[in-house]
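Student:
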Amino acid sequence: MSIDDIPSLTPLPREFFSSRDALALAPALLGCLLVRPRDGIVARITETEAYMGQGDPACHANQGRCTPRTRVMFFPGGVYYVYFTYGMYYCLNIVSGAEGSGEAVLIRAVEVLQGRDVASLRRFSLPYEALSAARRKALANGPGKLCIALGVDKSLYGLPCDDPSLFVAQGESIPAEAIHTGPRIGVDYAGKAAMFPWRFFL
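Here this note's numbering = 1-based position in the sequence shown + 7.
Structure below.
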């Protein structure tokens with residue numbers, strides 16, 4: 008894939024996100040592409056986590072909590088929920104389901120296919136070719152890391168997933184047997200819900 012391919016990539020329709028709850032959307036996003044046209048970045052989604060709104064103690068919108076931070080989670084699916092965590096990192100989420108559901112999918116990891124130099128300079132202040140094998144592996148293999156690499160910040164909060172600044176496009180189709188599941192990460196406060204196998208990865 009080259010930068011010349013980006014104009015041919017088509018954003019997924021809003022219904023792709025609004026017609027699925029978070030548990031259905033999280034595996035469906037694997038293999039899809041995050042496209043940052045201004046930077047020439049195309050990244051394949053390789054890991055996601057589902058947050059199921061009401062009744063999910065790990066979800067920011069559990070018990071219908073609608074605050075200035077979470078209000079976008081109650082929008083119809085297909086918009087970005089971006090939040091700041093640990094006073095250091097942004098995390099990128101895609102709201103799912105019908106209006107009022109309070110559900111979202113955290114994008115946990117991506118593989119940068121195009122625009123690696125831009126992503127690498129953001130992460131390590133080095134071009135991609137100068138990175139060690141360990142740093143290449145760590146380029147975007149975590150929610151905070153990928154936001155640095157892709158230049159994601161609160162300016163994307165509430166924008167639709169077909170916005171030209173960052174959009175989600177169809178990628179390769181992933182067979183069910185290639186998708187693995189496991190407990191979500193960093194939500195020990197959620198009790199038993201922390202062990203739900205709602206993390207999906209390739």
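Virtual Cβ for every residue (Gly too), placed ideally from N, Cα, C.
Can you tell which of Arg51, Ala201 and Gly198 has the C-alpha that lies nearest to the C-alpha of glutamate 118?
Tutor: Of the listed residues, the one whose Cα sits closest to glutamate 118 is Arg51.
Student: How close, in whole Å, do the beta carbons of glycine 104 and glycine 122 come, if the pair is a contact with beta carbons under 8 Å?
Tutor: In fact, because the Cβ distance is near 31 Å, the residues do not count as touching under 8 Å.
Student: Note down, one range per segment and in chain order, each alpha helix (DSSP H) of at least 4 residues found wholly within the stretch 147–202.
Tutor: Complete alpha helix (DSSP H) runs here, min 4: 150–157.
Student: Could you tell me whether the Cβ atoms of leucine 140 and isoleucine 48 are closer together than 9 Å?
Tutor: The amino acid at residue 140 is misidentified as leucine; the sequence shows alanine. Against a cut-off of 9 Å, the Cβ pair of isoleucine 48 and alanine 140 comes out as no contact.
Student: For valine 102 versus alanine 116, is the C-beta spacing smaller than 9 Å?
Tutor: Contact flag unset, no.
Student: Can you give me the C-alpha to C-alpha distance between glycine 198 and proline 190, rounded to a whole angstrom?
Tutor: Roughly 12 Å between the two C-alpha positions.
Student: Quick check: the Cα distance between glutamine 61 and leucine 133, rounded to an integer number of angstroms?
Tutor: Roughly 43 Å between the two C-alpha positions.
Student: If you count every other CB in all the chains shown that lies within 10 Å of the CB of proline 182, and 16 or more means buried, which is it?
Tutor: Flag for proline 182 reads exposed.
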